[in-house]
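Asks:
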Amino acid sequence: MSQARTIPEPEVLESSPRFDLLRVPVVGRFLRWRHARTVLQIPFLVVGAVMILHGLLGPSLAPKNLATVLTWLHFRGVLALTLFAAGNFFCLACPFMLVRNAARKLFRPRWNWPRALRNKWLSAGLFVLILFIYELDDLWASPWLTAWLIIAYFGAILIVDGLFKHASFCKFVCPLGQFNFAASTLSPLEVAVRDQQICTTCDTKDCIRGRRKPGSELVILERGCELALFQPRKVGNMDCTFCLDCVHACPHDNVSIVTRIPASELITDPMRSGIGFFSRRKDVTALVIVFTFGALLNAFGMVSPVYVLERWLAQLLHVTHEAPVLAAIFGFFLIVEPIVLLGVAAWITQKLKGTRRALIPSMVRYSYSIVPLGFGMWLAHYGFHFLTGLFTIIPVSESAASSLGLWFGHPHWLWVGVPMRFVQPVQLGFLILGFLGSLLVARRMADEDCPEHPMRVFGPWAAVSLMIWLAAVWLIFQPMEMRATTLMSS
Amino acid sequence: MVACSRSAAKSSVSVTDKEVGPNPARVGPMTVSFHLTEASKPVSGAEVSLEGDMTHAGMTPVFAEAHEVAPGQYRGNLTLNMPGDWVLLLHVTLPDGRKLEDQIDIRGVGSS
Numbered sequence: 001m002s003q004a005r006t007i008p009e010p011e012v013l014e015s016s017p018r019f020d021l022l023r024v025p026v027v028g029r030f031l032r033w034r035h036a037r038t039v040l041q042i043p044f045l046v047v048g049a050v051m052i053l054h055g056l057l058g059p060s061l062a063p064k065n066l067a068t069v070l071t072w073l074h075f076r077g078v079l080a081l082t083l084f085a086a087g088n089f090f091c092l093a094c095p096f097m098l099v100r101n102a103a104r105k106l107f108r109p110r111w112n113w114p115r116a117l118r119n120k121w122l123s124a125g126l127f128v129l130i131l132f133i134y135e136l137d138d139l140w141a142s143p144w145l146t147a148w149l150i151i152a153y154f155g156a157i158l159i160v161d162g163l164f165k166h167a168s169f170c171k172f173v174c175p176l177g178q179f180n181f182a183a184s185t186l187s188p189l190e191v192a193v194r195d196q197q198i199c200t201t202c203d204t205k206d207c208i209r210g211r212r213k214p215g216s217e218l219v220i221l222e223r224g225c226e227l228a229l230f231q232p233r234k235v236g237n238m239d240c241t242f243c244l245d246c247v248h249a250c251p252h253d254n255v256s257i258v259t260r261i262p263a264s265e266l267i268t269d270p271m272r273s274g275i276g277f278f279s280r281r282k283d284v285t286a287l288v289i290v291f292t293f294g295a296l297l298n299a300f301g302m303v304s305p306v307y308v309l310e311r312w313l314a315q316l317l318h319v320t321h322e323a324p325v326l327a328a329i330f331g332f333f334l335i336v337e338p339i340v341l342l343g344v345a346a347w348i349t350q351k352l353k354g355t356r357r358a359l360i361p362s363m364v365r366y367s368y369s370i371v372p373l374g375f376g377m378w379l380a381h382y383g384f385h386f387l388t389g390l391f392t393i394i395p396v397s398e399s400a401a402s403s404l405g406l407w408f409g410h411p412h413w414l415w416v417g418v419p420m421r422f423v424q425p426v427q428l429g430f431l432i433l434g435f436l437g438s439l440l441v442a443r444r445m446a447d448e449d450c451p452e453h454p455m456r457v458f459g460p461w462a463a464v465s466l467m468i469w470l471a472a473v474w475l476i477f478q479p480m481e482m483r484a485t486t487l488m489s490s
Numbered sequence: 491m492v493a494c495s496r497s498a499a500k501s502s503v504s505v506t507d508k509e510v511g512p513n514p515a516r517v518g519p520m521t522v523s524f525h526l527t528e529a530s531k532p533v534s535g536a537e538v539s540l541e542g543d544m545t546h547a548g549m550t551p552v553f554a555e556a557h558e559v560a561p562g563q564y565r566g567n568l569t570l571n572m573p574g575d576w577v578l579l580l581h582v583t584l585p586d587g588r589k590l591e592d593q594i595d596i597r598g599v600g601s602s
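Read top to bottom, the protein sequences are chains V and R.
Using my numbering, the first residue of the first sequence is number 1, and each one after it goes up by one.
Using my numbering, the first residue of the second sequence is number 491, and each one after it goes up by one.
1. Mind checking Met455/V: buried by the 16 CB within 10 Å criterion, or exposed?
2. Pull up the distance between the alpha-carbon of Ala499/R and that of Phe291/V, whole angstroms please.
3. For a contact meaning CB atoms closer than 8 angstroms, what does Val69/V contact in chain R?
4. Just the C-alpha distance for Arg104/V and Cys243/V, rounded to the nearest angstrom, thanks.
5. Between Gly670/R and chain V, is there a C-beta pair that is closer than 9 angstroms?
6. Which residue from Ala345/V, Arg223/V, Leu53/V puts its Cα closest to that of Val247/V?
7. Taking contact to mean at least 3 C-beta pairs separated by less than 8 angstroms, is the region 511 to 525 of chain R in contact with the region 556 to 568 of chain R?
8. Checking contacts by CB at 9 angstroms: is Asp543/R closer than that to chain V?
9. Determine the DSSP secondary structure at Ile594/R, reduced to helix, strand or coil.
10. Output needed for Leu45/V: all residues of its chain with C-beta closer than 6 angstroms, excluding positions within five of it in sequence on either side, in chain order.
11. My guess is that Thr569/R and Pro512/R are in contact by the Cβ rule of under 8 angstroms, so how many angstroms apart are they, rounded?
12. What ranges does the alpha helix (DSSP H) occupy inside the region 72 to 158 of chain V, keeping only unbroken runs of at least 4 residues that lie completely in it?
13. Quick one: what does DSSP say Asn513/R is sitting in, helix, strand or coil?
14. Looking only at its own chain, which residues have a Cβ that is under 8 angstroms from the Cβ of Ser465/V, when we skip the five neighbours before and after it?
15. Would you mind sorting Arg496/R into buried or exposed? The rule is 16 or more other CB atoms within 10 Å of its CB.
16. Under 8 angstroms by Cβ, that's how I've got Ile348/V and Pro460/V pegged, so tell me the actual separation to the nearest angstrom.
17. Kindly indicate which three-state DSSP category Asp586/R falls into: helix, strand or coil?
18. Answer yes or no: does any C-beta atom of chain R fall closer than 9 angstroms to that of Pro479/V?
19. Can the beta-carbon of Ile267/V be found closer than 9 angstroms to that of Met445/V?
20. With respect to the alpha helix (DSSP H) encompassing Ala446/V, which residues constitute its N-terminal and C-terminal limits?
21. Taking only beta-carbon atoms, is His385/V less than 9 angstroms away from chain R?
22. Quick check on Asn65/V - is its C-beta less than 9 angstroms from some C-beta in chain R?
23. According to the Cβ coordinates, are Asn229/V and Ser168/V closer than 9 angstroms?
24. Under 7 angstroms Cβ to Cβ from Lys171/V, same chain only, skipping five residues before and after it: list those, please.
25. Could you check the C-alpha separation between Gln478/V and Arg100/V for me, to the nearest Å?
26. So which of Leu414/V, Gly383/V, Trp378/V, Met377/V has the shortest CA-CA distance to Lys394/V?
27. Can you tell me whether His525/R is helix, strand or coil according to DSSP?
28. Among Leu580/R, Glu555/R, Ser530/R, whose alpha-carbon lies nearest the alpha-carbon of Ser502/R?
29. Nearest CA to the CA of His410/V: which residue from Gly417/V, Phe386/V, Glu398/V, Cys91/V?
30. For chain V, find out if any of its Cβ atoms is closer than 9 angstroms to the Cβ of Ser497/R; answer yes or no.
31. Considering only the alpha carbon of each residue, which of Ile257/V, Asp283/V, Pro324/V lies closest to Trp491/V?
32. Pick helix, strand or coil for Gln41/V, following the three-state DSSP scheme.
33. So, is the C-beta of Met572/R closer than 9 angstroms to a C-beta in chain V?
34. Under three-state DSSP, which class holds Lys351/V?
35. Between the region 40 to 57 of chain V and the region 376 to 395 of chain V, can you find at least three pairs of beta-carbon atoms closer than 8 angstroms?
36. Select from Cys174/V, Arg115/V, Arg118/V the residue whose C-alpha is nearest the C-alpha of Leu129/V.
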């Protein structure tokens with residue numbers, strides 16, 4: 001008997017027969033086509049090139065430039081809504097990978113990614129760094145810097161994946177990818193096997209090894225998963241870029257994009273291929289903390305109270321530059337506040353359960369319950385900018401075309417978007433969904449963790465969710481004040 | 491004056507004495523005044539449209555006309571509808587058809 005027959009089925013929430021996207025007539029056929037990803041990437045690459053050119057050479061005013069309008073209004077909004085409604089399809093269409101794949105035809109990476117960096121610490125740190133630079137340099141107001149951010153991304157992926165094998169950039173570096181991974185734990189679609197029984201009888205494991213040329217093991221015809229996700233043991237969307245390499249490599253046509261219960265992967269704690277146990281991954285916990293509290297912080301940067309806080313901190317610290325003030329705010333909201341909030345909840349949980357387990361494992365385990373709240377906040381924030389600025393792409397495109405002599409009318413500058421009064425209820429809806437999601441995840445965790453007294457365990461984490469939710473609601477009802485630092489004028 | 495400014499076009503015509511009121515700027519009605527001069531002489535008869543944009547994309551711009559209130563001196567009224575950083579664009583069409591653009595940055599417009 002081959003070793004393959006001993007593969008245990010991953011522990012997942014059971015669901016009824018699942019919708020299978022790859023069985024849908026036109027869409028499924030397209031996605032199963034081996035060049036589907038390239039076809040999706042090309043338009044994104046073209047748009048990316050246009051954004052870079054317009055950002056560097058076009059108007060310096062953000063509302064009139066494609067780089068800023070597309071990046072900070074449309075891309076972020078469509079990204080969050082796609083993750084919410086479907087799955088991680090933006091990683092599938094990532095134009096950076098198209099450039100990387102082209103570059104890898106010229107030079108092959110030689111090294112494996114350093115073992116010490118095979119975790120989320122670096123990428124979570126880069127996630128924080130991007131949020132920090134966004135506030136410090138007012139990226140949203142600078143087409144030039146936005147263009148350079150895109151260029152830097154292309155450069156970084158070429159360097160990292162030019163030196164290191166597999167998808168090192170996606171798995172261990174890309175901050176945008178980490179955002180997508182965290183958010184896609186709430187997505188209704190996942191890449192998964194159709195029938196576990198077929199996998200148990202599979203001897204070749206092409207989904208991870210790649211499909212090899214018969215008689216020539218070194219020649220790979222179809223790439224296997226570059227992110228080390230072995231389909232039969234893969235659970236959920238964490239680290240999955242929806243690249244569909246596994247779909248194309250599987251000789252049994254047994255991998256597909258199927259529906260599942262959103263957030264189900266946060267509740268269970270099985271051994272996950274390519275990841276391990278969530279409850280033992282402090283780095284993944286750090287990522288979800290940055291994802292959730294970063295959502296609040298990113299929105300906080302755009303409302304009036306932040307300027308009062310900045311001026312107060314500047315006086316307290318006797319500084320006139322924004323960097324140390326922002327560093328203090330980031331340190332408080334991304335380190336101190338989460339540790340205190342989650343630490344106290346974990347401590348109360350232990351007390352109420354009457355156990356003497358260490359605090360950190362409990363913190364790590366239950367921290368995943370706040371991911372829905374974080375995603376709700378990102379949706380509320382990005383959805384706001386997307387909807388209120390929905391039509392701005394039209395006059396900005398007209399203006400860009402006009403500057404090239406391709407458009408002769410007046411740009412419709414008054415075409416902006418959905419009025420704010422209609423968008424605020426949508427924002428509130430996302431926050432309520434996030435809150436309910438966090439409560440459900442915490443409750444299911446408590447049921448598993450302490451079947452005798454689940455409410456004792458659930459209570460502290462429900463309180464954490466409530467506090468975060470109240471903060472989020474307070475934020476979206478604050479008067480928005482989009483401005484750069486006020487320290488100079490203060 | 492609460493604003494700083496920079497010329498957006500190379501021209502022998504200058505936009506000078508730019509003033510914005512109230513000071514500090516707040517959400518609501520705002521008056522913009524400036525002088526147009528060429529070789530130290532006032533430029534009369536120009537058509538000037540004002541455009542207010544927030545520095546963040548996706549916000550509704552505001553538009554108005556400025557009128558000549560004295561030889562070479564122009565004034566217009568805009569209504570800023572949101573707190574934050576604004577940029578005022580002055581679109582000037584000179585009597586001889588030449589066009590000129592100028593920009594006034596207004597930082598930290600406060601709530602009304």
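For each residue, glycine too, the CB sits at the ideal point set by N, CA and C.
These numbers were taken from a predicted model, which means no experiment stands behind them.
Replies: Let's see:
1. exposed
2. Confidence at Ala499/R is low in this model, with a pLDDT of 46, below 50, so its placement is unreliable and no value can be given for it.
3. Ala547, Gly548
4. 17 angstroms
5. In the structure as shown, chain R starts at 491 and stops at 602, and residue 670/R therefore has no counterpart that could be examined.
6. Arg223/V
7. yes
8. yes
9. strand
10. Pro95, Leu98
11. The Cβ separation is near 13 angstroms, so there is no contact.
12. 76 to 85, 89 to 92, 95 to 103, 121 to 136
13. coil
14. Ser369, Ile370, Leu373, Phe435, Ser438, Leu439, Ala442
15. Bear in mind that a pLDDT of 46 at Arg496/R, under 50, signals an unreliable position, so the number given afterwards is only what the model happens to contain. Answer is exposed; the Cβ neighbour count stays below 16.
16. 4 angstroms
17. coil
18. yes
19. yes
20. 420 to 449
21. yes
22. yes
23. A quick correction: the sequence has Leu, not Asn, at residue 229/V. No, the pair does not count as a contact, with Cβ atoms beyond the cut-off.
24. Leu227, Asp239
25. 42 angstroms
26. Here the sequence assigns Ile to residue 394/V, which means Lys is not the residue at that position. Residue Leu414/V is the option with its Cα nearest to Ile394/V.
27. strand
28. Ser530/R
29. Glu398/V
30. For Ser497/R, the pLDDT reaches just 47, beneath the cut-off of 50, and the residue's location in the model is therefore unreliable, although a value from the coordinates is still provided. It does not: the Cβ of Ser497/R has no partner Cβ on chain V nearer than 9 angstroms.
31. Residue coverage of chain V in this structure runs from 1 to 490, which leaves residue 491/V outside it and unanswerable.
32. helix
33. yes
34. helix
35. no
36. Cys174/V
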